[in-house]
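Encoded as structure tokens, the structure appears first; notes follow it.
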Amino acid sequence: RQGEISLIKNLPAAAGLGGGSADAAAILRLLARLNGLSPASAPIQDVARETGSDVPVCLTGECRMMGGRGEILGPKLDMPRLHAVLVNPGIQLETARVFAALAKKGDGDACLIFEPPRRKSTPSDWLAAIAICGNDLEPPAVSLAPAVQDARERLRAQAGCVLARMTGSGTTVFGLFEDEAAAAIAARAIVSDRPDWWIRSVSLNAAPRSSLNSSGGSKA
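Just add 1 to wherever you are in the sequence shown, counting from 1, and you've got the numbering used here.
Laid out in structure tokens, this is it:
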């Protein structure tokens with residue numbers, strides 16, 4: 002089946018949040034449904050891999066480890082619901098520029114292999130495991146856009162913030178918080194200081210709320 006599809010994008014562009022990949026995965030799920038296919042079917046999976054490195058994992062809608070370009074997916078991880086604040090300082094960075102800066106500066110030599118907690122682990126277990134690892138793309142991104150560091154430090158200064166990191170190749174940073182209330186309070190505080198920034202309090206690995214429909218509408 003064919004038709005027109007309209008997307009309403011609520012995430013900043015070039016923000017390191019995987020919004021484009023998530024949108025592509027949402028459209029592929031809709032196309033699969035309209036054509037009587039499973040999202041796990043070979044035609045849909047082939048298109049997902051060709052569309053973008055992060056599209057296959059977004060197509061699953063699950064927390065997983067990724068390898069290769071993103072086409073190698075590990076098993077679903079038993080991650081509990083975590084609470085976070087996302088902060089984007091309103092600056093766009095092209096991924097290619099960040100990787101070029103990484104290669105030039107040689108900042109990517111201290112990558113740790115993330116070891117996810119075992120099943121039936123607590124949010125505290127996951128926060129401790131995530132805190133051990135960093136983001137090799139953060140130093141080169143900060144060199145290109147110092148506002149990333151400003152946003153990260155504002156998050157770290159908030160009560161209840163366990164850790165703050167940059168997402169992907171930037172420029173969004175995220176802070177993980179002890180509970181939902183602390184995350185909401187932190188988001189309001191940063192909005193008060195920087196109303197020109199894009200700031201959201203969110204839950205990670207919460208049950209998805211799909212707004213896809215057969216008429217071709219989607220919000221992401």
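Glycine is no exception: its CB is placed at the ideal position from the N, C-alpha and C atoms.
If you're wondering where the values come from, they're calculated on a predicted model, not measured in any experiment.
Query	Result
Whether Val-99 touches Ala-142 by CB criterion (7 Å)	yes
Closest Cα partner of Val-86 within the set Ala-183, Ser-7, Asp-24	Ala-183
Those residues which DSSP pairs with Phe-178 across a bridge	His-84, Cys-162
Outcome for Gly-17 when other beta-carbon atoms lying within 10 angstroms are tallied against a minimum of 16	buried
Trp-127, enclosing alpha helix (DSSP H) - first and last residue	124-133
Other residues of its chain near Gln-3: CB distance less than 6 Å, five sequence neighbours each side excluded	none
Per-residue DSSP class, three states only, for Ser-212	Interpretation of Ser-212 is limited by its pLDDT of 42, a score under 50 that renders its predicted location unreliable; the figure taken from the coordinates is listed afterwards. It is coil, neither helix nor strand.
Residues near Ala-1 in its chain [Cβ-Cβ closer than 8 Å; skip 5 each side]	Nothing about residue 1 can be reported from this structure: the residues present for the chain run from 2 to 221 only.
Length of the line joining the Cα atoms of Asn-11 and Ile-114	32 Å
Inside the stretch 11-60 only - alpha helix (DSSP H) runs reaching at least 4 residues	20-35, 43-52
Leu-8 vs Asp-24 beta-carbon contact at 7 Å	yes
Local Cβ density within 10 Å of Ala-193, reported as buried at 16 or more and exposed below that	The residue asked about is misnamed: residue 193 is Ser in this sequence, not Ala. Label assigned to Ser-193: exposed.
Beta-carbon proximity of Asn-136 to Arg-157, cut-off 7 Å	no
Local conformation of Leu-156 per DSSP, three classes	helix
One or two residues paired with Ala-167 in a DSSP bridge	Note on residue identity: the sequence assigns Met, not Ala, to residue 167. Partner(s): Val-174.
Trp-127 to Lys-121 span [Cα, whole Å]	11 Å
Presumed contact (8 Å Cβ cut-off) between Asn-82 and Leu-205, rounded CB distance	This sequence places Arg at residue 82; Asn is not what is there. Their Cβ separation, rounded to whole angstroms, is 7 Å, which keeps Arg-82 and Leu-205 in contact under 8 Å.
Backbone CA spacing between Gln-152 and Val-174 [nearest angstrom]	Residue identity check: residue 152 is Ala in the sequence provided, not Gln. Looking at the two C-alpha atoms, the distance is approximately 7 Å.
Residue(s) in a DSSP beta bridge with Lys-77	Arg-65
Gly-161 versus Gly-176 - alpha carbon distance	10 Å
Among Ile-186, Ile-92, Ala-49, nearest to Ala-148 - alpha-carbon criterion	Ile-92
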